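Peer 1:
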Amino acid sequence: MECVLRLVIILLMYATSSGASHGRRCLAGSEVFVCVLPRFDYQPGQDIPMFELPADVNAIRFVEPLYNIHETDNTITVYDGILHRQLNSPKAVELTNSYTSTVYIPPNLEYADFSDNIIEHLHVPVDQSYALRYLDLNSNFKLQVQNVSRLVNLETLHLSSCSLEQLPLNMFENLNRLAHLTLAGNNMHTIDLDWFPMSLTLLRLDQNWMKEFHFSGSARLPLLEDLNIEYNDLTTLDIKALVETVPKLRLFSIGRNPLKRNELEGILEELNRRNIAYYNMEHVSDQYCNEGERMFRGVCISDSVFALGWGEWFEILFFIIVMIALAIGLAFAARFLWNRYHVS
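In the working numbering, the protein residues as written are 986 to 1329.
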């Protein structure tokens, strides 16, 4: 009986997929305004896909097909204007893990998640205006980001794990509404807060192998409340200059940087004095330190930070020599006094 039911399900799926070329439909269980569609093969120049979508649907989410009957790759290599119009020009699109390499941003799109692809080209023509407010491009290691600057209505932008080594000059100059920006997991060894718009309230710069963190006198982020610079290579930080640059800072995640202990203590004391939290508890794993780390006042720090430097070893050695000399001196003094005043 179970085999018969399984065969019936497969036949139904096959019948549904056979009619896909005539009109793909939303999967059962889709929300009222969100249509869930199984991914399919699409490249420009191929047959134009046809859909039968409810009139009130304004969001499309692509998912991995439950059954791959036709044994295709189910990759939408390009998201272009033709595909967008065939989908009834939705305001929100989620297309992830599809090996998408090129995206044309439609003017009416407000929400877009194109993370975990291989996007290299992001087309944003200059002769149009764009409604896009949320854009997730995380984990696109070939991404060229210069055209992002034309999306002037962006409020949230995710560019983590994109193998970025530097940002285009004046990339954020026109993004005056941008509030949340994530640049974690890239390879930017030098970062200057002067690059970013004054509208930011959240900025993630963790896991960048950052060695230089600049905030010149002209830099000022008056609305920034959450700043994350964990997992970098910073050995020094002018915390007083930083909090003057970011006066509304409420959370400053600083752990897992090779700061010297005395420097770290000074930073944490200043943060405590200003009631600024300095450890992140966004994930459960944030409560525990990794191997080779230890918890220091709520912050995970590498064991190497607590290793003594040459100067500290010299101070200890000097102290030991002084104590030995003092002990010898006291012994000689005691013997001298004993010999002089001892009565046989």
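The beta-carbon is built from N, C-alpha and C at its ideal position, and this holds for glycine as well. This structure is a prediction, so every number in the text was calculated from the model and none was measured.
Please state the DSSP three-state secondary structure of Val1137.
Peer 2: Looking at Val1137 - three-state DSSP - the assignment turns out to be coil, as it is neither helix nor strand.
Peer 1: With DSSP as the reference, please indicate the residues paired to Arg1046 in a beta bridge.
Peer 2: DSSP output for Arg1046 lists Val1021, Glu1079 as bridge partner(s).
Peer 1: To the nearest angstrom, how far is the alpha carbon of Tyr1264 from that of Leu1236?
Peer 2: Roughly 7 angstroms separates the two Cα atoms.
Peer 1: What are the residues that DSSP puts in a beta bridge with Arg1009?
Peer 2: DSSP, once it has assigned bridges, lists Phe1036 as partnering Arg1009.
Peer 1: Which of the three DSSP states, helix, strand or coil, is assigned to Val1063?
Peer 2: Three-state DSSP puts Val1063 in a strand.
Peer 1: Rounded to whole angstroms, what's the CA-CA distance from Thr1081 to Leu1120? Just pull it up for me.
Peer 2: Taking the straight line from one Cα to the other gives about 12 angstroms.
Peer 1: Report the CB separation of Pro1110 from Gln1131 in whole angstroms; it is logged as a contact under 8 angstroms.
Peer 2: Their Cβ separation, rounded to whole angstroms, is 13 angstroms, which puts Pro1110 and Gln1131 out of contact at 8 angstroms.
Peer 1: Could you pull out every residue in the same chain whose Cβ sits closer than 6 angstroms to the Cβ of Pro1091, ignoring the five residues on either side in sequence?
Peer 2: Excluding residues within five positions, the ones whose Cβ falls inside 6 angstroms are His1069.
Peer 1: Quick one: is Phe1191 buried, meaning 16 or more other Cβ sit within 10 Å of its Cβ, or exposed?
Peer 2: Going by the sequence as given, residue 1191 is Asp instead of Phe. The residue in question, Asp1191, is buried, as its Cβ has 16 or more Cβ neighbours within 10 Å.
Peer 1: Helix, strand or coil for Leu1311? Go by DSSP, reduced to three states.
Peer 2: The answer is helix: DSSP assigns Leu1311 an H, G or I state.
Peer 1: Do you know offhand how far Arg1258's Cα is from Ile1224's?
Peer 2: Those two C-alpha atoms are separated by around 12 angstroms.
Peer 1: Looking only at its chain, what residues have a beta carbon closer than 7 angstroms to the beta carbon of Pro1050, apart from the 5 residues adjacent to it on each side?
Peer 2: Cβ within range, chain order: Pro1023, Arg1024, Asn1059.
Peer 1: Ignore the nearest five residues each way along the sequence and tell me which others in Asp1288's own chain have a CB closer than 7 angstroms to its CB.
Peer 2: The residues are Gly1277, Glu1278, Arg1279.
Peer 1: Rounded to whole angstroms, what's the CA-CA distance from Pro1182 to Ser1114? Just pull it up for me.
Peer 2: Approximately 20 angstroms between the Cα atoms of the pair.
Peer 1: Taking the alpha carbon of Ile1286 as the point to measure from, which residue in Lys1245, Asn1324, Asn1172 has its own alpha carbon closest?
Peer 2: The candidate whose alpha carbon is nearest that of Ile1286 is Lys1245.
Peer 1: Keeping to the same chain, check which residues put their C-beta closer than 8 angstroms to that of Gln1129; ignore five residues upstream and five downstream.
Peer 2: The residues are Glu1105, His1106, Leu1107.
Peer 1: Please classify Ala1097 as buried or exposed, where buried requires at least 16 neighbouring CB atoms within 10 angstroms.
Peer 2: Counting Cβ neighbours within 10 Å, Ala1097 comes out buried, since at least 16 surround it.
Peer 1: Tell me the start and end of each unbroken beta strand (DSSP E) in the stretch 1079-1150 that is at least 3 residues and wholly inside, in chain order.
Peer 2: Listed in chain order, they are 1087-1089, 1096-1098, 1106-1108, 1119-1121, 1141-1143.
Peer 1: Exposed or buried, Val1063, counting other C-beta atoms within 10 Å across all chains shown (16 or more means buried)?
Peer 2: Its Cβ being crowded by 16 or more others within 10 Å, Val1063 is buried.
Peer 1: Leu1163: which of Asn1138, Arg1320, Leu1178 sits nearest, CA to CA?
Peer 2: Looking at the Cα atoms, Asn1138 is the closest of the given residues.
Peer 1: Between Glu1254 and Ser1100, what straight-line distance do the alpha-carbon atoms span, to the nearest angstrom?
Peer 2: Taking the straight line joining both Cα atoms gives about 39 angstroms.
Peer 1: Provide the residue(s) that pair with Met1345 in DSSP beta bridges, ordered along the chain.
Peer 2: One cannot answer for residue 1345 here, as it falls past the ends of the chain, which runs 986 to 1329.
Peer 1: Relative to the C-alpha of Ser1203, which residue among Asp1179, Asp1218, Leu1209 is closest?
Peer 2: For the residues Asp1179, Asp1218, Leu1209, the minimum Cα distance to Ser1203 belongs to Asp1179.
Peer 1: Measuring CA to CA, which of Ile1067, Gly1014, Leu1188 is closest to Met1035?
Peer 2: Ranking Ile1067, Gly1014, Leu1188 by Cα distance to Met1035 puts Ile1067 first.
Peer 1: Could you check the C-alpha separation between Ala1262 and Pro1232 for me, to the nearest Å?
Peer 2: Rounded to the nearest angstrom, the two C-alpha atoms are 14 angstroms apart.
Peer 1: Using C-beta distances below 6 angstroms, list every residue in its chain close to Ser1006, excluding the 5 sequence neighbours before and after it, in chain order.
Peer 2: At Ser1006, the pLDDT of 46 sits below 50, so the modelled position is not reliable; the number obtained from the coordinates is stated separately. Same-chain partners within the cutoff: there are none.
Peer 1: On the DSSP bridge assignment, give the partners of Ser1238 in chain order.
Peer 2: According to DSSP, which records beta bridges pairwise, Ser1238 is partnered with Asn1213.
Peer 1: So which of Val1133, Glu1150, Ser1146, Ser1148 has the shortest CA-CA distance to Asn1158?
Peer 2: In the sequence as displayed, the identity of residue 1158 is Glu instead of Asn. Per the Cα distances, Val1133.
Peer 1: Excluding the five sequence neighbours on either side, which residues of its own chain have a C-beta within less than 8 angstroms of the C-beta of Val989, listed in chain order?
Peer 2: The predicted position of Val989 is uncertain, since its pLDDT is 46 and thus under 50; a value taken from the coordinates is nonetheless stated next. So no residue of the chain qualifies.
Peer 1: If you drop the 5 nearest sequence neighbours on each side, which residues of the same chain put their C-beta closer than 8 angstroms to that of Gln1071?
Peer 2: Excluding positions up to five away in sequence, the list reads Ile1033, Pro1034, Met1035, Phe1036.
Peer 1: Taking 7 angstroms as the threshold (C-beta atoms), are Asn1217 and Asn1247 in contact?
Peer 2: No, these two residues do not count as a Cβ contact at 7 angstroms.
Peer 1: Can you give me the Cβ contacts of Ser1003 inside the same chain, cut-off strictly under 7 angstroms, excluding the 5 residues immediately before and after it?
Peer 2: Caution is warranted here: a pLDDT of 45 is assigned to Ser1003, below 50, making its placement in the model unreliable, and no coordinate value can be reported.
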